[in-house]
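Numbering (numbering that gives the first Met the number 0), first residue to last: 0 to 469.
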Amino acid sequence: MALEIKQDLRLTQQLVMTPQLQQAIKLLQLSRMELQEIISQEIKENPVLEEDSGQEEREQEEREQKEAVAEGEASKSESVKDQDWEEYMEGHSISSYTPPRTDGGETPWENLITRQVTLADYLLWQLRMSPLSPQEQEVGVFIIGNIDENGYLQGSLEEVCKELRYSAKTAEEVLNLIQSFDPPGVGARDLQECLLIQLRGLAERNPLAEEIVQGYLSYCKNRDYGELARKLKVPLPEVLTAVEVISHLDPKPGRPFSPEEARAIIPDVFVYKVEGDYVVALNDDGVPKLRINTYYRELISADKKDVPRGYLKEKMKSALWLIRSIQQRQATLYKVAKSIVSFQRDFLETGIDHLKPLVLREVADDIQMHESTVSRVTTNKYAHTPQGIYELKFFFSGKVGGHGEEVAVKRVQNLIKQVVAEESPRRPYSDEKICLLLKERHNIAIARRTVAKYREMMKILSSNERKKIM
């Protein structure tokens, strides 16, 4: 068979991802903080783009613009190219970007999670999931009650034994178990023990670092690494490597759970109930308002030599595209949030027990957008609702239920948590029993393997592992 080369003409359609389109897509999925960083960086790099500093300054510049326009009409000497550029600017009518404001006055821009899990809560939950006898559970609860906010055990094991009348061996074994809990280093009696617990829990143990912690911490405090190397008879580079490992340990493992360390969440969307209906408002606090620099805009149109028109026009296009992309992002976020509110009204009224099954496609069809767009704009975005602050992704949940009522997966998971929390420590419910209880109490019919799947997703042990050994 002879080989031949020939030309073939075909007509196909392709989506070309221009840099501008890539930027617009990227902006959709950025968190609030990331968007602020992008805007700040663009303002630094693009002289044509600037932050709108206030109404008074805008009015002043508008007067200057009118004067410039009047002077321009008196001497019509602009080239056709520059006229086209002005028409392009006017056609898009973007001189500034101002995010929408709420009508209810000033709104709080910073919120904290209303109920933060304390260190004691977290440790008691892990204790509850551990295979211990009732006596050991009692010892564990007493020990956790004596762990301070930094994660250190206050008092001695002798006091535990005296108070509860249990053996020192039992108290020591329970304390060792608690010291294996998260966060690493919790339950230690002093700094040395705290650091050693963390070092021994590393995937790759460092004997030199452990030796330094056991007897030479004072050298680290004084940064006398040369003398430390001589004492240990170890090359200085090895000592420095071990010290580096130690420096990454947490001397106060309980600190992340303290109230002052509560993570601030700035909602992107506020949901208010007004006269029986729910209203969506975007949070514009902290998002810089953008505009085109008047000087450079006029400079492009001016009939002057030595003006880098090509460079300025390119920067102008970039600035305009960024402003439009942010406007589009905010508009999309508003539409998606409004659609979610319409679907999840029952949740807003009564809470998670009435969270409805909802998938991206339903919201996408409702607002006539693509699923991928809805997915991007709900990533790392939060809504302040009457039920608390939630990530927008929270409102999307698959559905379960065959012969019974179809409900959201998140609601079923929450109900499983409630059932497990109320069970007897001595006779925990099996997955089969949990299925029956869900059917009896909530008319939710799901398979035993589905309960097992959700239980494992929530890191709840099986009934055998939860059972307390007498």
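A virtual CB, placed ideally from N, CA and C, is assigned to each residue, including glycine.
Of the choices 147, 177, 187, 138, whose alpha-carbon is the least far from that of residue 169? Within the sequence shown, the letter at position 170 stands for residue 169. For the residues 147, 177, 187, 138, the minimum Cα distance to residue 169 belongs to 138.
Residue 23 (DSSP reduced to helix, strand or coil): Position 24 of the sequence shown, counted from the start, is the residue given in the question as residue 23. Residue 23 falls in the helix class under three-state DSSP.
What is the DSSP secondary structure of residue 465, counted as helix, strand or coil? To locate residue 465, count along the sequence shown from 1; it is residue 466. The answer is helix: DSSP assigns residue 465 an H, G or I state.
Taking all protein chains shown into account, do 16 or more other C-beta atoms lie within 10 angstroms of the C-beta of residue 4, making it buried, or fewer, making it exposed? As a first step, residue 4 must be located in the sequence shown, where it is residue number 5. Taking every protein chain shown into account, the CB of residue 4 has fewer than 16 other CB atoms within 10 angstroms, so this residue is exposed.
C-alpha gap between residue 447 and residue 430, whole angstroms: Here residue 447 is taken as the residue at index 448 of the sequence shown, counted from 1. Here residue 430 is taken as the residue at index 431 of the sequence shown, counted from 1. Distance between the alpha carbons of residue 447 and residue 430: 6 Å.
Short of 7 Å in beta carbon distance, which residues of its chain neighbour residue 241, apart from the five on each side in sequence? Order them along the chain. Within the sequence shown, the letter at position 242 stands for residue 241. 205, 207, 208, 211, listed in sequence order.
Ordered along the chain, which non-local residues of its own chain (more than five positions away) have a Cβ less than 7 Å from that of residue 145? If you number the sequence shown from 1, residue 145 lands on position 146. The beta carbon of residue 145 sits closer than 7 Å to those of 152, 153, 154, all from its chain and outside the five residues before and after it, given in chain order.
Of the residues 329, 33, 136, which one's Cα is nearest the Cα of residue 465? Residue numbering aside, residue 465 sits at position 466 when the sequence shown is read from its first letter. Nearest of 329, 33, 136 to residue 465, Cα basis: 136.
Reducing DSSP to helix, strand and coil, say where residue 268 ends up. Residue mapping note: residue 268 aligns to position 269 of the sequence shown, counting from 1. In the structure shown, residue 268 falls within a strand segment according to DSSP collapsed to helix, strand and coil.
CA-CA distance, residue 376 and residue 392? Indexing the sequence shown from 1 puts residue 376 at position 377. Indexing the sequence shown from 1 puts residue 392 at position 393. If you take the alpha carbons of residue 376 and residue 392, they lie about 10 Å apart.
Go ahead and pull the three-state DSSP assignment for residue 243. Position 244 of the sequence shown holds residue 243. Here residue 243 sits in helix by DSSP.
Express the C-alpha separation of residue 331 and residue 432 in angstroms, rounding to a whole number. For the purposes of this step, residue 432 is identified with residue 433 of the sequence shown, where counting begins at 1. For the purposes of this step, residue 331 is identified with residue 332 of the sequence shown, where counting begins at 1. Here the C-alpha atom of residue 432 lies approximately 45 Å from the C-alpha atom of residue 331.
Please report the distance separating the alpha-carbon of residue 322 from that of residue 269. Walking along the sequence shown from the start, residue 322 turns up at place 323. Walking along the sequence shown from the start, residue 269 turns up at place 270. Approximately 23 Å between the Cα atoms of the pair.
Secondary structure at residue 116, three-state DSSP: helix, strand or coil? Your numbering for residue 116 matches position 117 in the sequence shown. In this structure, residue 116 counts as coil in the three-state DSSP scheme.
Rounded to whole angstroms, what is the Cα-Cα separation between residue 255 and residue 434? For the purposes of this step, residue 255 is taken as the residue at position 256 of the sequence shown. For the purposes of this step, residue 434 is taken as the residue at position 435 of the sequence shown. Spanning the two alpha carbons is a distance of roughly 37 Å.
Looking at the secondary structure, which residues open and close the beta strand (DSSP E) in which residue 389 lies? Taking the first residue of the sequence shown as position 1, residue 389 is located at position 390. Note, residue 389: beta strand (DSSP E), 387 to 390.
Touch test, the segment 371 to 386 against the segment 268 to 285, Cβ-Cβ under 8 Å, three pairs minimum: When Cβ pairs closer than 8 Å are counted between the two stretches, the segment 371 to 386 is seen to touch the segment 268 to 285, the count reaching three or more.
Just checking my contact of residue 427 with residue 38 at CB under 8 Å: how many whole Å lie between their CB atoms? Stepping through the sequence shown from its first residue, residue 427 is reached at position 428. Stepping through the sequence shown from its first residue, residue 38 is reached at position 39. Wrong, their Cβ atoms sit about 53 Å apart, outside the cutoff.
Can you tell me whether DSSP reads residue 471 as helix, strand or coil? Any question about residue 471 goes unanswered here, given that the chain covers just 0 to 469.
CA nearest to the CA of residue 352, picked from 406, 178, 379: Your numbering for residue 352 matches position 353 in the sequence shown. With distances taken between Cα atoms, residue 352 lies closest to 406.
Taking contact to mean at least 3 C-beta pairs separated by less than 8 Å, is the segment 334 to 343 in contact with the segment 30 to 45? Contact between the segment 334 to 343 and the segment 30 to 45 is absent, because fewer than three Cβ pairs lie under 8 Å.
Assign residue 186 to one of two classes, buried (16 or more other C-beta atoms within 10 Å of its C-beta) or exposed (fewer than that). Taking the first residue of the sequence shown as position 1, residue 186 is located at position 187. Buried: at least 16 other Cβ atoms inside 10 Å.
Whose CA, out of 47, 24, 29, lies closest to the CA of residue 309? Here the question's residue 309 lines up with position 310 in the sequence shown. Per the C-alpha coordinates, the member of 47, 24, 29 positioned closest to residue 309 is 47.
Based on the DSSP output, what are the partners of residue 396 in its beta bridges? Taking the first residue of the sequence shown as 1, we reach residue 396 at position 397. Residue 396 pairs with 357.
Residue(s) in a DSSP beta bridge with residue 384: By one-based count along the sequence shown, residue 384 stands at place 385. Within the DSSP bridge table, the entry for residue 384 names 387 as partners.
Closest Cα partner of residue 193 within the set 247, 326, 223: Against the sequence shown, residue 193 aligns to sequence position 194. Nearest of 247, 326, 223 to residue 193, Cα basis: 247.
Pick helix, strand or coil for residue 9, following the three-state DSSP scheme. On the sequence shown, residue 9 is found 10 positions in, with the first residue counted as 1. Looking at residue 9 - three-state DSSP - the assignment turns out to be coil, as it is neither helix nor strand.
Would residue 149 pass as a contact of residue 314 if the rule is Cβ separation under 7 Å? As a position in the sequence shown, residue 149 is number 150, starting the count at 1. As a position in the sequence shown, residue 314 is number 315, starting the count at 1. Not a contact, by the Cβ cut-off of 7 Å.
Excluding the 5 residues preceding and the 5 following residue 337 in the sequence, name in chain order all residues of the same chain whose CB lies nearer than 6 Å to its CB. On the sequence shown, residue 337 is found 338 positions in, with the first residue counted as 1. The beta carbon of residue 337 sits closer than 6 Å to the beta carbons of 279 from its chain, once the five residues preceding and following it are set aside; these are given in chain order.
Closest by CA to residue 390, which one among 222, 165, 335? Residue mapping note: residue 390 aligns to position 391 of the sequence shown, counting from 1. Among 222, 165, 335, the Cα nearest to that of residue 390 belongs to 335.
Given that a residue counts as buried once 16 or more other Cβ atoms are within 10 Å of its Cβ, and exposed if not, what is residue 253? If you number the sequence shown from 1, residue 253 lands on position 254. Around the beta carbon of residue 253, 16 or more other beta carbons sit within 10 angstroms, so the residue counts as buried.
Endpoints, alpha helix (DSSP H) assigned at residue 215: As a position in the sequence shown, residue 215 is number 216, starting the count at 1. Per DSSP, residue 215 belongs to no alpha helix (DSSP H) and is neither H nor E.
Tell whether a beta-carbon distance below 7 Å holds between residue 470 and residue 357. Absent from the model: residue 470. The displayed extent of the chain is 0 to 469, so no value can be given.
Entirely enclosed alpha helix (DSSP H) segments - the segment 175 to 236, minimum 4 residues: List check, alpha helix (DSSP H) in window: 190 to 199, 206 to 214, 216 to 220, 224 to 231.
Is DSSP giving residue 310 helix, strand or coil here? Stepping through the sequence shown from its first residue, residue 310 is reached at position 311. When secondary structure is reduced to three states using DSSP, residue 310 falls in the helix class.
Residue 142 in three-state terms, based on DSSP: Counting from 1 along the sequence shown, the entry for residue 142 is found at position 143. Here residue 142 sits in helix by DSSP.
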